[in-house]
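Asks: Numbering (full-length UniProt numbering), first residue to last: 1 to 223.
The structure that follows is given in the form of structure tokens.
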Amino acid sequence: MESILIIEDNKALSRGIRLAMEQSGYNVTEVHQLNQAKKILLIQSFSVILLDINLPDGNGIDFCRMFRKENHTPVIILTANDMELDEVAGLEAGADDYITKPFSLAVLRARIGSVVRRASRREEENKVQLDEFSFDFHNMVFTREGKEIVLSKTEQKLLKVLVENRGTTLSRERLLEKVWNCDEFIEENALSVTVKRLREKLGDTEPKYIKTIYGVGYVWNER
């Protein structure tokens with residue numbers, strides 16, 4: 001069953017949305033402060049989040065920006081201001097859609113259905129099966145012959161770039177740009193060390209998957 005987290009301090013509005021969405025078959029949780037939302041998101045995942053902008057303990061757009069760094073769950077911004085500035089700020093913060101109060105529950109239901117379908121398609125597109133490997137780049141779950149491979153954030157990013165461009169040699173410069181924040185200081189051997197660790201975790205010791213193209217960079221070898 002698809003699930004919704006409502007983060008809205010207007011309890012009457014929140015309750016109305018919850019009752020309507022439950023009647024539509026969704027499993028709905030409602031909270032009224034960002035701190036409550038943060039706690040529940042540590043232990044539970046949702047299909048979509050409905051997020052108010054003005055909350056008692058913080059700003060919804062700031063929360064969305066931080067949340068989006070670590071999570072791909074669709075977010076729909078609920079705004080009381082019919083202003084382009086709020087809409088743009090929400091989308092730039094990583095929101096998938098926005099809806100202006102007051103709104104019709106039918107329109108909200110349609111918006112929720114739309115973002116959930118888009119997220120489902122993205123999730124499927126981010127699943128890659130290569131030989132004995134299964135890579136789920138949406139949930140960042142990686143297995144080899146059914147056994148999970150635990151990767152660091154940097155290793156995840158590097159693997160994603162290599163696999164998405166499999167068969168194409170990527171220069172060291174391009175990999176550094178894609179995987180690391182180029183505004184920060186990067187150790188000269190950072191890429192080589194990360195490739196070595198990634199190979200070890202994948203069991204690619206020969207190596208036959210992540211090939212070094214000397215003087216250029218690396219390639220995920222399509223055999």
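Think of the CB as a built atom: it goes at the ideal place given N, C-alpha and C, for glycine as much as any other residue.
Since the structure is predicted, the reported quantities are computational estimates derived from the model, not experimental observations.
Assuming the contact rule is C-beta atoms closer than 8 Å, MET140 and GLN156 should be a hit. Round their C-beta distance to whole Å, please.
Replies: Within the sequence shown, the letter at position 140 stands for residue 140. Within the sequence shown, the letter at position 156 stands for residue 156. The Cβ separation is near 5 Å, so the contact holds.
Asks: Is THR154 helix, strand or coil when you go by DSSP?
Replies: The residue labelled residue 154 in the question sits at position 154 within the sequence shown. Helix at THR154.
Asks: Can you give the Cα-Cα distance for ARG68 and ASP9, rounded to whole angstroms?
Replies: As a working note, residue 68 is residue 68 in the sequence shown. As a working note, residue 9 is residue 9 in the sequence shown. One C-alpha to the other measures close to 21 Å.
Asks: Mind pulling the beta strand (DSSP E) runs of 3 or more residues that sit fully within the UniProt domain "Response regulatory" (3-116)?
Replies: Counting whole runs of 3 or more residues, the UniProt domain "Response regulatory" (3-116) contains the beta strand (DSSP E) stretches 3-7, 27-31, 48-52, 75-79, 97-100.
Asks: Quick check on DSSP: helix, strand or coil for LYS208?
Replies: On the sequence shown, residue 208 is found 208 positions in, with the first residue counted as 1. Correct three-state label for LYS208: coil.
Asks: Using the three-state DSSP reduction, which class does GLU148 fall into: helix, strand or coil?
Replies: Here residue 148 corresponds to residue number 148 of the sequence shown, with the count starting at 1. DSSP places GLU148 in strand when its eight states are reduced to three.
Asks: What are the boundary residues of the alpha helix (DSSP H) that includes VAL193?
Replies: Numbered from its first residue, the sequence shown carries residue 193 at position 193. VAL193 -> alpha helix (DSSP H) spans 190-202.
Asks: Using DSSP's beta-bridge definition, name the partner residues of SER171.
Replies: Position 171 of the sequence shown, counted from the first residue, corresponds to residue 171. DSSP output for SER171 lists GLY217 as bridge partner(s).
Asks: Could you spell out the range, first to last residue, of the beta strand (DSSP E) harbouring ASP136?
Replies: For this step, residue 136 is matched to residue 136 along the sequence shown. Here the beta strand (DSSP E) through ASP136 covers 133-136.
Asks: Is the Cβ-Cβ distance between LEU176 and LEU191 less than 9 Å?
Replies: As a position in the sequence shown, residue 176 is number 176, starting the count at 1. As a position in the sequence shown, residue 191 is number 191, starting the count at 1. Yes. Within cutoff.
Asks: In angstroms, rounded to a whole number, what distance separates the CA positions of LYS211 and VAL150?
Replies: Position 211 of the sequence shown holds residue 211. Position 150 of the sequence shown holds residue 150. About 21 Å.
Asks: Where DSSP assigns a beta bridge to LEU162, which residues make up the other side?
Replies: One-based indexing of the sequence shown puts residue 162 at position 162. None, per the DSSP bridge assignment.
Asks: Is it the case that the segment 15-23 contacts the segment 105-123, given that we only count it when at least three CB pairs across the two stretches are under 8 Å?
Replies: Flag = yes, the segment 105-123 and the segment 15-23 touch.
Asks: On the premise that THR169 lies in contact with VAL219, defined as a C-beta separation below 8 Å, what is that separation, rounded to the nearest angstrom?
Replies: Along the sequence shown, read from residue 1 onward, the residue named residue 219 stands at position 219. Along the sequence shown, read from residue 1 onward, the residue named residue 169 stands at position 169. 4 Å between Cβ atoms; contact.
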